[in-house]
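Structure, as structure tokens:
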Amino acid sequence: MPAAPTAAPVPDRWFRATPDSSGLSRSRLLTRSLIPLSVLDERIRFYEGLTGTAADLRMPIPDFGGLELAAVGNILLIASIRPFTDIQRRTAHSVIVPSLKEQLDRLLDAGATVLEPAENILPGSRARVRLGDGTIAELVEHRPLPGEHPRPAPYSVAGDTTPDLLVRRAVSAADFAATVARYESALDTPSHVRVRLDGAFPVELALIGGLLVVGTDGPEFTRSADVRLALVTSVPLESAYGERLSGSTADRHHLVTLRDGTRAEVWDGSVGLRPPSPSGPGAGAAGAPRSGPLG
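Here my numbering = 1-based position in the sequence shown + 3.
In structure tokens form, the structure reads like this:
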């Protein structure tokens, strides 16, 4: 791989709670939100307030297309002063991996295709792949800069709501089992929660790390690929998250529009979707390792 860019990061805004991802117990999957740089601070505060969790990463990378990134829980905010490229817009996930080579080998064995080969970058190294189901993901391996040590956000957050923020992947009932198996293999993580909800349109749920796989043949909104976030909470939906748009037949989950315009599926905490407590080196929100990818 070519040498990494040598431009120094912006020191007053650069922090990584886990600058070396090699010690992570599993890969960390994040959903991506592409935004103008002018609203980055506002979006960080919004998701910190929503989850009650401080950002665990912020990386201004001026020599890589003017990008600046921040991770809050399982969402990666990717901000730029330039228009995003087509491949950036089509990439659904970023995945922080302990070893880029091992993760690429695992995914290639499972039928993935490399779209952009491994290259060195300021935070470490990266590659972009298309998974077997057509989903595009960016893989990022973090390594510390010379003299860099773990540094959490230089501030604290006092959130008044504490939902679990999950990455969401919705498929048909017929594709549910194969999708769960594919992501268990891709993330090298077994599903730790499996739930089936009966009703007019049965719903199957699997929680794999910070990923919620939803299998159903129900109403269109439950299968929408545009809804990439899920919130698990017992807080009243409308007051905390925005206008309620739709409800399920069992009234256990709803589609809402968050105040930043993002659509998310909100699940009542009583369905049993709470992720396990964080464990292992570098564990963060929803049991996910703390670090962050490039974009």
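The C-beta atom is built at its ideal place from N, Cα and C for all residues, glycine as well.
All values reported here derive from a predicted model rather than from experimental measurement.
(request) State buried or exposed for Arg262, treating a residue as buried only when at least 16 other CB atoms are found within 10 Å of its CB. (result) exposed
(request) Could you tell me how far apart the beta carbons of Ser188 and Ala113 are, in whole angstroms, since I believe they sit closer than 8 Å? (result) 5 Å
(message) Let me check understanding here. Comparing Cα to Cα, which of Ile90, Pro222 and Asp271 lies closest to Arg133?
(response) Ile90
(request) Quick one: residues in its chain with C-beta nearer than 6 Å to the C-beta of Ser25, no 5 flanking neighbours on either side, listed in chain order? (result) Pro101
(message) Taking 6 Å as the limit between beta carbons, can you name the residues of its chain near Thr116, skipping five residues before and five after?
(response) Arg133
(request) To the nearest angstrom, report how far apart Gly272 and Val235 are at their CA atoms. (result) 5 Å
(request) Give every residue of the same chain whose Cβ lies closer than 6 Å to the Cβ of Arg231, excluding the five residues on either side of it in the sequence, and list them in chain order. (result) Thr34 and Arg171
(request) Report all residues from its chain with a CB closer than 7 Å to the CB of Arg92; omit the five preceding and five following residues, and keep chain order. (result) Leu37
(request) Measure the CB-CB distance between Val216 and Val183 and report whether it falls below 8 Å. (result) yes
(message) Taking 8 Å as the threshold (C-beta atoms), are Pro22 and Pro153 in contact?
(response) yes
(message) Can you tell me whether Ile124 is helix, strand or coil according to DSSP?
(response) strand
(request) Closer than 7 Å by C-beta to Val198: which residues in its own chain qualify, once you throw out the five before and the five after it? Chain order, please. (result) Leu208, Val274, Gly275 and Leu276
(message) Could you check whether Ala73 and Leu43 sit closer than 8 Å to each other, using their CB atoms as the reference points?
(response) yes
(request) Have a look at Glu51 and Arg61 and give me their C-alpha separation to the nearest angstrom. (result) 13 Å
(message) Within the continuous alpha helix (DSSP H) that includes Ile47, where are the two ends?
(response) Leu43 to Thr54
(message) According to DSSP, Gly264 sits in a beta bridge with which residue or residues?
(response) In the DSSP output, where bridge partners are listed per residue, Gly264 has none listed.
(request) State the start and end residues of the unbroken alpha helix (DSSP H) segment that holds Arg185. (result) Phe179 to Leu190
(message) Nearest by alpha-carbon distance to Asp111: which of Ser128, Thr88 and Asp136 is it?
(response) The sequence given here places Leu at residue 111; Asp does not occur at that position. Nearest C-alpha to Leu111: Asp136.
(request) Less than 8 Å between the CB atoms is what I'm expecting for Ala82 and Leu70, so what's the real figure, rounded? (result) 7 Å
(message) Assuming the contact rule is C-beta atoms closer than 8 Å, Asp108 and Ala176 should be a hit. Round their C-beta distance to whole Å, please.
(response) Wrong, their Cβ atoms sit about 32 Å apart, outside the cutoff.
(message) Counting C-beta neighbours from all protein chains within 10 Å, is the total for Glu3 16 or more, i.e. buried, or is it exposed?
(response) With the chain covering only 4 through 298, there is no way to say anything about residue 3.
(request) Pick out the complete beta strand (DSSP E) segments inside the stretch 72-105, 3 residues or longer, and give them in chain order. (result) 78-83 and 94-99
(request) Could you check what DSSP says for Ser159 in three-state terms: helix, strand or coil? (result) coil
(request) Given a cut-off of 8 Å, decide if His96 and Ala140 are closer than it, judged by their beta-carbon atoms. (result) yes
(message) On a Cα-Cα basis, can you pick out the residue from Val269, Gly127, Leu258 and Gly213 that is closest to Arg29?
(response) Gly213
(message) Rounded to the nearest angstrom, what separates Leu258 and Asp191 at their Cα positions?
(response) 30 Å
(request) Would you mind sorting Asp15 into buried or exposed? The rule is 16 or more other CB atoms within 10 Å of its CB. (result) exposed
(request) Check whether the Cβ atoms of Gly55 and Val160 sit closer than 8 Å, and answer yes or no. (result) yes
(message) Per DSSP, what are the beta-bridge partners of Ala173 in this structure?
(response) Val217
(message) Do Ile124 and Leu80 have their beta-carbon atoms positioned less than 8 Å apart in this structure?
(response) no
(request) In the DSSP assignment, find the unbroken beta strand (DSSP E) run with Pro145 in it and report its ends. (result) Reading off the sequence, residue 145 comes out as His, not Pro. First-last of the beta strand (DSSP E) with His145: Ile139 to His145.
(message) With a threshold of 7 Å on Cβ separation, who are the neighbours of Pro193 within its own chain once the five nearest residues in sequence on each side are excluded?
(response) Glu187
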